[in-house]
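Each number in the working numbering comes from the position in the sequence shown (counting from 1) with 1 added on. Cβ coordinates follow ideal geometry from the N, Cα and C atoms, glycine included. Remember, predicted model here, so these are calculated numbers, not experimental data. Taking it in order: structure first as structure tokens, then the write-up.
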Amino acid sequence: MKHTLLIALLGICFMGASAQKYVGGDISLLPKYEQAKAKYYDKDGATIAAPLDFFKQEGMNAMRLRLFVSPDKNTGVDKDVNVCQDIEYVKTLGKRIKDAGFKLMLDFHYSDTWADPGKQWTPTDWAKLSDAELQQKLYDYTKDVLQQMKAASAEPDMIQTGNEISYGMLWGTRAAVGASNNGTNRCWPSSPAANWTRFTNLLKQAIKACREECPQAKIIIHTERTSVSQQNDNRNYAALSNFYKKMKAADVDYDIIGLSYYPYFHGTISELEGAIKVLERDYADKDIMVVEFGYPYAWEVPGTTYKYPNYFSKYAYSDEGQKTMTADVIAMLNKHKNVNGLFWWWMEYNAKDSKLSESWYNAPLFDSRTGKATSALYELKNFVNDPTAISHVTTDKAAAKDAAWYTLDGKKVDKPGKRNVYINNHRKIVCND
């Protein structure tokens with residue numbers, strides 16, 4: 002090397018492209034399970050007295066929490082005891098999460114009930130608003146929520162402005178739109194431009210409030226089209242690509258592409274990787290997170306079937322199958338430098354000694370027959386402990402020496418001999434041959 006330039010880091014942590022990674026789960030119902038006296042145990046049968054402390058001990062560093070507008074006002078056929086997370090509930094649990102040392106992801110369901118690609122019903126109290134009034138309401142509501150979260154010492158670090166909004170949000174009420182028709186406000190790939198304009202205008206107002214109140218928070222746009230189009234489109238992920246093209250064309254301001262991946266719905270790991278490759282190619286400036294992931298430890302999730310039976314035969318619905326699926330997903334995600342988040346959905350579900358749930362869910366990280374943590378829970382830390390990556394570099398003089406060389410995306414290399422920027426002994430070094 003003819004020339005080496007040492008650049009001081011000035012006491013801050015260095016983070017390369019997607020170097021800071023987050024792993025955890027959506028634990029929105031944890032207080033209800035605790036109140037219902039659900040029994041949690043580790044894999045060896047030892048009692049878990051404080052689940053958040055246990056999750057921290059097992060390498061998790063972030064938690065996700067959903068928020069509904071007025072869940073008590075939902076009187077539809079999908080009224081659900083599990084939909085109880087109003088602002089007071091979320092402030093309390095959010096503070097617990099932050100106090101325990103986790104990063105907090107806040108997931109706005111702009112609805113009184115579950116919001117997903119098949120239903121994005123407008124909250125009851127907003128039902129009679131015009132589109133212009135709805136934009137203002139969305140801004141005001143989002144801003145008020147975030148102000149309350151901050152006052153409660155529960156400021157989010159990541160914010161989803163909508164949940165699985167592949168086809169838009171705030172379509173209207175169920176009664177007005179009708180559950181069986183497409184509705185004039187839904188955003189299919191071939192929807193009129195007016196539908197997309199309405200949707201992105203709403204989204205911009207929500208994001209505007211987030212930027213004003215939580216300027217350090219990362220904004221996530223969450224979709225779920227991680228499998229190829231059902232129209233046999235030669236694996237080009239038409240629905241997914243179209244959505245983010247629309248976001249770019251409308252100049253929607255966000256930081257992270259959020260995806261859902263449920264193998265029993267979305268298909269093989271290679272299908273998820275295909276979606277990630279498309280997003281990395283077309284939106285290289287965005288980080289990518291799998292904000293919802295899950296796989297059964299026993300039995301089939303109701304209403305699902307294997308898309309590729311031969312492929313899934315190696316991932317039996319068992320503790321070992323769940324663990325293997327998790328390990329293989331993590332191995333794939335760790336190959337992609339833009340991917341910096343993995344969250345297990347409803348990981349705290351536990352029917353052991355609890356009569357809280359009205360229905361059975363087969364894909365959490367606790368076995369409802371025993372209350373024990375499944376083996377997959379212990380795999381999650383491998384997403385952030387990838388041996389080829391660095392989570393941070395510090396200039397703290399007390400930090401241990403590390404003579405190894407790393408590229409900016411965290412790959413360990415031999416002593417460099419070509420022009421590039423590297424990390425060595427907690428410093429950025431520019432090498433010129």
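Close CB contacts of S369 within its chain, under the 8 Å cut and outside five residues either way in sequence, are with Y350, N351, A352, K353 and W361 (chain order). In the three-state reduction of the DSSP assignment, E35 falls in the helix class, which pools H, G and I. When beta bridges are read from the DSSP output, T224 appears opposite L260. Using a 10 angstroms sphere on the CB of Q217, the tally of other CB atoms stays under 16, which defines it as exposed.
Between Y255 and I289, the gap from beta carbon to beta carbon reaches 8 Å or more. Selection A155, T162, I28 and D117 evaluated against L139 yields T162 as nearest (Cα-Cα). Beta-bridge analysis with DSSP links D108 to R67 and Q161. In this structure, the alpha-carbon of N196 lies about 43 Å from that of N386. Bounds of the beta strand (DSSP E) holding D27 are Y23 to D27. Each of W172, G46 and T224 was checked against the Cα of S112, and the nearest Cα belongs to W172. Secondary structure of Y142 (DSSP, three-state): helix.
Here DSSP, grouped into helix, strand and coil, assigns K120 to strand. Per the C-alpha coordinates, the member of N164, S242 and Y262 positioned closest to R282 is S242. Counting along the chain, N341 sits inside the beta strand (DSSP E) bounded by residues V340 to W345. Sequence-distant partners of G372 (beyond 5 residues in either direction) whose C-beta falls short of 8 Å from its own C-beta, in its chain, are A39, K40, Y41, Y42, N351, K353 and D354. L130 and Q136 have their C-alpha atoms some 9 Å from each other.
Secondary structure note for M333: its alpha helix (DSSP H) is the uninterrupted segment D320 to L334.
As the crow flies, the alpha-carbon of K99 is around 15 Å from that of L31. S261 is positioned such that its CB atom lies no closer than 8 Å to that of D320. Here G304 is exposed: its Cβ has fewer than 16 other Cβ atoms, across all protein chains shown, within 10 Å. Note on P264: 16 or more other CB atoms within 10 angstroms of its CB, so buried under the neighbour-count rule. Contact annotation: the segment 138-157 does not touch the segment 43-50, with fewer than three C-beta pairs closer than 8 Å. With respect to the 8 Å criterion, M170 and A116 are classified as neighbours on the basis of their beta carbons. Secondary structure of I289 (DSSP, three-state): strand.
One alpha carbon belongs to M150, the other to Y379, and they sit about 31 Å apart. With respect to the C-alpha of L280, the residue from L381, H337 and L366 having the closest C-alpha is H337. Counting along the chain, the unbroken alpha helix (DSSP H) around Y90 starts and ends at I88 to D100. By the neighbour-count definition (other C-beta atoms within 10 Å, threshold 16), V78 is an exposed residue.
Residue range R175 to V178 is occupied by the alpha helix (DSSP H) that includes V178. Contact check for L94 against L68 fails: the beta carbons are separated by 8 Å or more. The C-alpha of I208 is placed about 10 Å away from the C-alpha of N202. A residue is called buried once 16 or more other Cβ atoms fall within 10 Å of its Cβ, and G102, having fewer, is exposed. DSSP, reduced to helix, strand and coil, places T185 outside both helices and strands of the structure shown, so it counts as coil.
Note on geometry: alpha-carbon atoms of A332 and P193 lie some 40 Å from one another. Spatial neighbours of D329 in its own chain (CB-CB distance under 7 Å, excluding positions within 5 residues in sequence) are listed in chain order as I270.
Collapsing the DSSP output to three states places K247 in a helix.
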